[in-house]
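First comes the structure, then the notes that go with it.
There are 2 protein chains.
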Amino acid sequence: MESVFEIIAEPNRRAILSLLVSSQQSVGEIERQLRMPQPTVSKHLRVLREAGFVESTVDAQRRLYRLKPEPFQEVNAWLDRFRRFWSDHVDALERHLDRMDQSAPAKRKTKKRPRGPNRGRDKGEKK
Amino acid sequence: MESVFEIIAEPNRRAILSLLVSSQQSVGEIERQLRMPQPTVSKHLRVLREAGFVESTVDAQRRLYRLKPEPFQEVNAWLDRFRRFWSDHVDALERHLDRMDQSAPAKRKTKKRPRGPNRGRDKGEKK
DNA sequence: TGCGAATATACCTTGACACGTATATGCCCT
DNA sequence: AGGGCATATACGTGTCAAGGTATATTCGCA
Numbered sequence: 001m002e003s004v005f006e007i008i009a010e011p012n013r014r015a016i017l018s019l020l021v022s023s024q025q026s027v028g029e030i031e032r033q034l035r036m037p038q039p040t041v042s043k044h045l046r047v048l049r050e051a052g053f054v055e056s057t058v059d060a061q062r063r064l065y066r067l068k069p070e071p072f073q074e075v076n077a078w079l080d081r082f083r084r085f086w087s088d089h090v091d092a093l094e095r096h097l098d099r100m101d102q103s104a105p106a107k108r109k110t111k112k113r114p115r116g117p118n119r120g121r122d123k124g125e126k127k
Numbered sequence: 001m002e003s004v005f006e007i008i009a010e011p012n013r014r015a016i017l018s019l020l021v022s023s024q025q026s027v028g029e030i031e032r033q034l035r036m037p038q039p040t041v042s043k044h045l046r047v048l049r050e051a052g053f054v055e056s057t058v059d060a061q062r063r064l065y066r067l068k069p070e071p072f073q074e075v076n077a078w079l080d081r082f083r084r085f086w087s088d089h090v091d092a093l094e095r096h097l098d099r100m101d102q103s104a105p106a107k108r109k110t111k112k113r114p115r116g117p118n119r120g121r122d123k124g125e126k127k
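Line order of the protein sequences matches chains A and B. First residue of the first sequence? That's 1 in the working numbering, and the numbers climb one at a time after it. First residue of the second sequence? That's 1 in the working numbering, and the numbers climb one at a time after it.
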């Protein structure tokens, strides 16, 4: 399992990561919330831990897992190469929208449309 | 091939995408630059096209491939869920990097180091 | 000390996908 | 028209990872 990209390619792992955003969780809690057999959870957590996505602390028989930031930053760094590119397209999209704005007044509130990354829209998961 | 994450999990596909950042390329150009057999290139391009990462136009016998922004935005949207989380940790990382880091002058325009996305560094590919 | 809960690991099976080789398709040019 | 280049597709093969089931380990507690 070489790269961070292969780690997050697995839907169940992404589900686990999403769960852990809110707070740390035990294996059993993850298991119940995701309706996933316990060995599956443990195995995915192992992969995530070895890839640096999570770390765990021991609480009696429980293990509490929480996120670690570095791998996400690595994904982000990769995305950076493409940010300028896609921002240009967002600009084009915005020009388009601005033209529609003129033709149809609509409900824009800001004068200057904010620029830069983080302008994507969540399309949701495909099942 | 369900999700965008599985698409970018493949190292050769990421290489192709990186190549296309600079400009559009023909299959043959990709093939030569990446030293990859032509059917391999074509097959990966097909996957990338069907996932919306690239589009192609015909130029006689050649096909010119270029990037499309949407899937990247989708990855970006996913990352958003984790941005707040990792930003809290970035301060410590930045202090560390700022000490290590005189090699990256970068093009900061602002005096205050901006917070939030786009702060990651490229760790490179693992082979 | 022995039982039960929580978690990890071992083993097996299966399916997906990446690759190589071969071949098909389409276009240009003489 | 035909040959050659550029690209796409078909097919067979091997590998690897995810899932399921069973079992091991560790700890709390009666």
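Every residue gets a Cβ at the ideal spot worked out from N, C-alpha and C, and that includes glycine.
Please check if any C-beta of chain A sits within less than 8 Å of the C-beta of B/Phe82.
Translated into positions along the second sequence, residue 82 of chain B becomes position 82. Taking Cβ atoms only, chain A reaches closer than 8 Å to B/Phe82, which makes this a yes.
Counting only Cβ pairs nearer than 8 Å, list the residues of chain A close to B/Lys21.
Against the second sequence, residue 21 of chain B aligns to sequence position 21. It should be noted that the sequence gives Val, not Lys, for residue 21 of chain B. Neighbours of B/Val21 on chain A, chain order: Arg81, Phe82, Phe85.
Residues of chain A with CB under 9 Å from B/Ala51, in chain order?
As a working mapping, residue 51 of chain B is identified with position 51 in the second sequence. Within 9 Å Cβ-Cβ: nothing; B/Ala51 doesn't reach chain A, min ~10 Å.
Local Cβ density within 10 Å of A/Lys43, reported as buried at 16 or more and exposed below that:
Residue mapping note: residue 43 of chain A aligns to position 43 of the first sequence, counting from 1. The residue in question, A/Lys43, is exposed, as its Cβ has fewer than 16 Cβ neighbours within 10 Å.
With burial defined as no fewer than 16 other Cβ atoms inside 10 Å of the residue's Cβ, what is the status of A/Gln33: buried or exposed?
Numbered from 1 along the first sequence, position 33 holds the residue referred to as residue 33 of chain A. Label assigned to A/Gln33: exposed.
At a CB-CB cut-off below 8 Å, which residues of chain B make contact with A/Ala15?
Walking along the first sequence from the start, residue 15 of chain A turns up at place 15. Under the 8 Å cutoff, chain B gives no residues; its nearest Cβ is about 12 Å from A/Ala15.
To which residues does DSSP link A/Glu55 through a beta bridge?
Position 55 of the first sequence, counted from the first residue, corresponds to residue 55 of chain A. DSSP lists A/Arg66 as partners of A/Glu55.
Chain B within 8 Å of A/Ser56, Cβ atoms only
On the first sequence, position 56 is the one that residue 56 of chain A refers to. Taking Cβ atoms only, chain B never reaches closer than 8 Å to A/Ser56, which makes this a no.
Going by C-alpha distance, which of B/Val47, B/Glu31, B/Ala60, B/Tyr65 is nearest B/Ile7?
Sequence index remark: in the second sequence, residue 7 of chain B carries index 7 (1-based). Minimum Cα distance to B/Ile7 is reached at B/Val47.
Could you spell out the range, first to last residue, of the alpha helix (DSSP H) harbouring B/Ile8?
Here residue 8 of chain B refers to the residue found at position 8 of the second sequence. Note, B/Ile8: premise wrong, no alpha helix (DSSP H); not H, not E.
If you compare alpha carbons, which of B/Lys68, B/Val75, B/Asp59 is closest to B/Ile16?
Within the second sequence, residue 16 of chain B is the residue found at index 16, counting from 1. When each option's Cα is compared against that of B/Ile16, the closest is B/Lys68.
Go ahead and pull the three-state DSSP assignment for B/Ser103.
Locating residue 103 of chain B in the second sequence gives position 103, where the first residue counts as 1. Note that B/Ser103 scores 48 on pLDDT, short of 50, meaning its location in the model is unreliable; the coordinates nonetheless yield the value given after this. In this structure, B/Ser103 counts as coil in the three-state DSSP scheme.
Comparing C-alpha positions only, which one of B/Phe72, B/Arg81, B/Ser87 sits nearest to A/Ser18?
Indexing the first sequence from 1 puts residue 18 of chain A at position 18. Minimum Cα distance to A/Ser18 is reached at B/Arg81.
Please tell me whether B/Val54 and B/Leu20 are closer than 8 Å, where the distance is taken between their beta carbons.
Position 54 of the second sequence, counted from the first residue, corresponds to residue 54 of chain B. Position 20 of the second sequence, counted from the first residue, corresponds to residue 20 of chain B. Result yes, Cβ atoms of B/Val54 and B/Leu20 sit closer than 8 Å.
As a quick exercise: from B/Ser56, B/Arg13, B/Arg35, B/Val75, pick the residue whose alpha carbon is nearest that of B/Ser3.
Within the second sequence, numbered from 1, the residue matching residue 3 of chain B stands at position 3. With distances taken between Cα atoms, B/Ser3 lies closest to B/Val75.
With 16 other CB atoms within 10 Å as the buried threshold, where does B/Gln61 fall?
Residue mapping note: residue 61 of chain B aligns to position 61 of the second sequence, counting from 1. Label assigned to B/Gln61: exposed.
Give the single residue among A/Phe72, A/Trp86, A/Trp78, A/Ala77 whose Cα lies nearest to the Cα of B/Arg135.
What the structure shows of chain B is the stretch from 1 to 127, and residue 135 of chain B is not part of that stretch, so it cannot be assessed.
Express the C-alpha separation of B/Arg66 and A/Glu31 in angstroms, rounding to a whole number.
In the first sequence, the residue the question calls residue 31 of chain A occupies position 31. In the second sequence, the residue the question calls residue 66 of chain B occupies position 66. Their backbone Cα atoms lie some 42 Å apart in a straight line.
Grab me the residues of B/Met1's own chain with a C-beta within less than 8 Å of its C-beta, minus the 5 sequence neighbours each way, in chain order.
Within the second sequence, the letter at position 1 stands for residue 1 of chain B. Result list for B/Met1: Ile7, Val47, Glu50, Ala51, in chain order.
Euclidean distance between Cα positions of B/Ala104 and B/Ala9:
Numbered from 1 along the second sequence, position 104 holds the residue referred to as residue 104 of chain B. Numbered from 1 along the second sequence, position 9 holds the residue referred to as residue 9 of chain B. Note that B/Ala104 has pLDDT 47, beneath the 50 cutoff, so the model's placement of it is unreliable and the number below is only indicative. Their backbone Cα atoms lie some 28 Å apart in a straight line.
If I follow the unbroken alpha helix (DSSP H) through B/Pro165, where does it start and stop?
Nothing about residue 165 of chain B can be read from this structure; chain B reaches only from 1 to 127.
Against chain B, which members of the segment 24-51 of chain A pass a CB distance test of less than 7 Å?
none
Count the other C-beta atoms from every protein chain shown that fall within 10 angstroms of the C-beta of B/Arg13, then say buried if there are 16 or more, exposed otherwise.
Sequence index remark: in the second sequence, residue 13 of chain B carries index 13 (1-based). Looking at its Cβ environment, which holds 16 or more other Cβ atoms inside 10 Å, B/Arg13 is buried.
Less than 8 Å between the C-beta atoms of A/Arg63 and A/Ser22, yes or no?
As a first step, residue 63 of chain A is located in the first sequence; it is residue number 63 there, counting from the start. As a first step, residue 22 of chain A is located in the first sequence; it is residue number 22 there, counting from the start. No, Cβ-Cβ distance for A/Arg63 and A/Ser22 is not below 8 Å.
Please state the DSSP three-state secondary structure of A/Gln73.
For the purposes of this step, residue 73 of chain A is taken as residue 73 along the first sequence, with counting starting at 1. Looking at A/Gln73 - three-state DSSP - the assignment turns out to be helix.
Step through the CB atoms of chain A and report whether any lies within less than 8 Å of the CB of B/Leu67.
Looking up residue 67 of chain B in the second sequence gives position 67. Closer than 8 Å to some Cβ of chain A, the Cβ of B/Leu67 qualifies, so yes.
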